Each structure stands twice: as C-alpha cells, then as structure tokens.
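Trainee: In this note's numbering, the protein residues as written are 272 to 665.
Below, the structure written as structure tokens:
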C-alpha cells in the first residue's frame, strides 16, 4: 500500500535531496553541452538564467531540508520558556493537528508547483519558437527534414528535461507547502483558549515569542531567495538583449517568471505575513489589558512604596529594599510601555522588512515605472529605496 507520509518524508530528506541534485546535475550537463555547441566557451552567451535558477533551487532546498524540524523545536522551546502552557493531551493534539495540516499543504503545493513549472516551460518553449525567425513553420520544417532517429532523440530528450525540471518544482513545492503549514500554528497561538503567557519584560525582546518568530522569519528568508531570483530576471530580461549576447528566447520567460514570483509571494504571505499578523493581534490584546489593568495598579504600588521610603523611622536596610522594589516595578512599567507587538526584536524586524521590500515591492514598481513612466526617475527612486533598505542593516 502506498504510504504518503513515508513518501513525503523521503522526498524531504537529505537522501532525497542528494538524489535530486544528482539528476539536476545531469540536466545541467545537458545544458552546458548545448551551450558549448552553440556558443563555444564564450561564457557570456550561455544560459545563465537556467544555471542561476538551478543554483537558487539547490541552495533554497538545502536550507529547507536542514530546518525540517524547526516547528517542533519552536513549540518545545515555547513550552520550556513557560510561554506556551499545554497539558500533555493538548500538546499531543496540536502536534497531530500540525502534522495533518502540513501533510495536506505539502501534497497540494507540490502538485500545484509541479504543474506551474511544467506549464511555464511549455509556454516559454512555445513562445520562444513562435518568436524565432522561422517561427513554428521553420521549426516543423526542420523536424520534417531531419532524420527520424535524430527527431525522436531530440523530442525524448526535451520531454525528459521538462519532466525533471517539473519534478524539481514538485520538490520545491513540498517545502513551500511546509512553510504554509507551519503558518497555521500561529492560528493556534492566537486562539484565546490556549494559555499563552505574554511577558513585556521577557529577556528575548519579543514578549517571549521569539522562538516562533524566528521560525517565521526563517521561512520568510527562505522564500525571499527564489523571490529575489524571479524578481532579478523579471527586471533583467527586458534589457538582456542589450548585453554581450542577444537571447531572443528569454523574452518568452517574462510572464512565466512573473507568475512564479506571484505564487511564491502567496507562500510568503501564508508562511510569514499572516502568522505574524495573527500573533500581533494576540499581543496587542494582551498589551491593551496590561495598560488598562496592570499599569494603574503598578503606579499605585510605586506611589505607596515611595511614601514608605519617605518615612523617617525606617532603617537604611529597609529603605534600600523598598527602593529596589520600586525599581523593579518601574522597570516592569517601562517594559509594558515599550513592549514589542511583534514576535521578534526590533532590529531583526527592520532587517527582514528591508529585504522583503526589495523582492516584493521594488520589482513591480520598477516594471510599472519603466513601462509607463520616466525611466530616469524610476532608476533614481529605486536607488533611493535600496539605500534606505541598506541603512536598516546598520
């Protein structure tokens, strides 16, 4: 009987990754062989979109494989820090629920991305031939005039390459689905029936939620890698013919890249943006409670303690103890006023949003301004955004 869990675990393991990298290396060798035949060792004329895409894929999936158990570790860390308080039954139920949600997302996403990648390659292939000097007529004539064995070899090799790359899409889709599945855990934490201790004075600078915030930040950075690749080629393709070699077929990849960029953006929303907003909503509600209920009580305690300090008949040791207690209350009051509404510290949050802006906002802005606006103004605006983003890292 087919075991879906076992199959998914095999796909998302280091063993499965190594096998896929081996197959991808064979496909890359095929592309190199074709580039050498067509352009020799003039490297500028090689298919760098494919090579950079293969490298992006391998790096992204390697990071994803290395972090396959991050959700379980984050949940355990929240429990260890006494931030998430669960009974043994609740803990077991949540792990089972997250496993079921993750399994569905991985399968659906895997097949969805498989179809997206396959259709993108078919569209680009069809469009590339249509835009070639001879068009489809010239292509069909070349096939008709070529020997039958050569035609069969060409078509079978082409089909195999398309299939392998689409399988890489399935592999990537399972990991994108895992990020979306992990995002569902934020809904569990946002449930008011779950006891979550939000602590304004927690040492992690994220009210005790840093373990789960780090998980979602990692997922955001994971999706930012392919987003950056899609965005980079989206912006580069219109200008690529102006470089050393003219690759007219690259123009056929413009809209497939935009589609894949948009789909990856959906996973970024599901795996980072939506969870962060859900957690922020829970934290803001707790913050409102602190300010409406605890702050007045703390101020009253501080005032009462100060009155005791002013009494003349208390000892120096007693006065020191009272002052220390006042300091503790004042520090807690200060932490409530300054508490983060996000499950990550301020520096990390600024750095993420600077990267996120570069791969989500800038590409469509440049594209729209280049199409409908002043290109010089667009370029100046982009450099300004990039400088601001870079400044957030200091």
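Glycine residues also receive a C-beta, built at the ideal position from the N, C-alpha and C atoms. It should be emphasised that the depicted structure is a prediction, and the values quoted were computed from it without experimental measurement.
1) Verify whether the separation of the beta carbon atoms of residue 460 and residue 623 is less than 8 Å.
2) Rounded to whole angstroms, what is the Cα-Cα separation between residue 505 and residue 338?
3) Measuring CB to CB, does residue 477 end up less than 8 Å from residue 542?
4) Three Cβ pairs or more, each shorter than 8 Å: is that satisfied between the segment 309-317 and the segment 354-370?
5) Does the beta-carbon of residue 308 have 16 or more other beta-carbons within 10 angstroms, so that it is buried, or is it exposed?
6) Measuring straight from C-alpha to C-alpha, what distance separates residue 527 and residue 324?
7) Are residue 454 and residue 380 touching if we call contact CB-CB under 8 Å?
8) Suppose the cutoff is 8 Å on Cβ atoms and the five residues either side in sequence are ignored; what does the same chain contact list for residue 285 look like?
9) Quick one: grab the DSSP three-state call for residue 513.
10) Let me check one thing: in DSSP terms, what residues is residue 355 bridge-paired to?
11) Whose CA, out of 298, 556 and 393, lies closest to the CA of residue 523?
12) Where do the N-terminal and C-terminal ends of the alpha helix (DSSP H) with residue 484 fall, by residue?
13) Counting only runs of 4+ residues fully inside the segment 556-624, write out the alpha helix (DSSP H) ranges in chain order.
14) Tell me, please, whether the segment 585-602 touches the segment 422-436 by the rule of three or more beta-carbon pairs shorter than 8 Å.
15) Tell me the DSSP secondary structure of residue 343 in three-state form.
16) Ordered along the chain, which non-local residues of its own chain (more than five positions away) have a Cβ less than 7 Å from that of residue 334?
17) Can you tell me whether residue 283 is buried or exposed, with buried defined as 16 or more other CB within 10 angstroms of its CB?
18) Thinking C-alpha only, which one of 593, 462 and 353 is nearest residue 552?
19) Report the CB separation of residue 384 from residue 447 in whole angstroms; it is logged as a contact under 8 Å.
20) Measuring only the C-alpha atoms, how far is residue 578 from residue 348?
21) Who are the Cβ neighbours of residue 513 in its own chain at under 8 Å, not counting the five residues just before and after it?
22) Using only the alpha-carbon positions, how far apart do residue 605 and residue 495 sit?
23) Taking the C-alpha atoms as reference points, what is the distance between residue 326 and residue 421?
24) Could you compute how far the alpha carbon of residue 343 sits from the alpha carbon of residue 305?
25) Can you tell me whether residue 564 is buried or exposed? The criterion is at least 16 other CB atoms within 10 Å of its CB, across all chains shown.
26) Considering only C-alpha positions, which residue in the set 593, 441 and 617 is nearest to residue 387?
27) For residue 287, which of helix, strand or coil comes out of DSSP?
28) Buried or exposed: which applies to residue 354, given that a residue is buried once 16 or more other Cβ atoms fall within 10 Å of its Cβ?
29) What is the DSSP secondary structure of residue 319, reduced to helix, strand or coil?
Mentor: The answer reads as follows:
1) Judged by their CB atoms, residue 460 and residue 623 are not nearer to each other than the 8 Å cut-off.
2) Rounded to the nearest angstrom, the two C-alpha atoms are 29 Å apart.
3) With a cutoff of 8 Å on beta-carbon distance, residue 477 and residue 542 are scored as not near each other.
4) As far as the Cβ criterion goes, the segment 309-317 does not touch the segment 354-370, which means the pair count is below three.
5) Residue 308 comes out exposed.
6) For residue 527 and residue 324, the distance between alpha carbons rounds to 14 Å.
7) In this structure, the beta-carbon distance from residue 454 to residue 380 does not fall below 8 Å.
8) Taking C-beta separations shorter than 8 Å and ignoring five residues to either side along the sequence, the partners of residue 285 in its chain run 336, following chain order.
9) Confidence is the limiting factor: at residue 513 the pLDDT is only 47, short of 50, which leaves the residue's position unreliable, though a coordinate-based value still follows. In the structure shown, residue 513 sits in a helix (DSSP, three-state: H, G or I).
10) Residue 355 is bridged by DSSP to 467.
11) Looking only at 298, 556 and 393, the smallest Cα-Cα distance to residue 523 is reached by 393.
12) Start and end: 481-507.
13) Secondary structure within the segment 556-624: the alpha helix (DSSP H) runs of 4 or more consecutive residues, fully enclosed, are 566-581 and 587-609 (chain order).
14) Pairwise C-beta distances place the segment 585-602 out of contact with the segment 422-436, as fewer than three of them are shorter than 8 Å.
15) DSSP places residue 343 in helix when its eight states are reduced to three.
16) If we look at residue 334 and ignore the five residues flanking it on each side, its Cβ neighbours are 493.
17) Buried.
18) Comparing Cα positions, the closest option is 462.
19) Rounded, the Cβ-Cβ distance is 7 Å, consistent with contact.
20) Taking the CA atoms as reference points, residue 578 sits about 42 Å from residue 348.
21) Residue confidence for residue 513 is low, a pLDDT of 47 falling below 50, so the modelled location carries little weight and cannot support an answer.
22) Using only the alpha carbons, I get a separation of about 35 Å.
23) About 31 Å.
24) Straight-line spacing of the CA atoms in residue 343 and residue 305 works out to 45 Å.
25) Exposed.
26) Selected option, being the one with the closest Cα: 441.
27) Reduced to three states, the DSSP call for residue 287 is helix.
28) Buried.
29) Reduced to three states, the DSSP call for residue 319 is helix.
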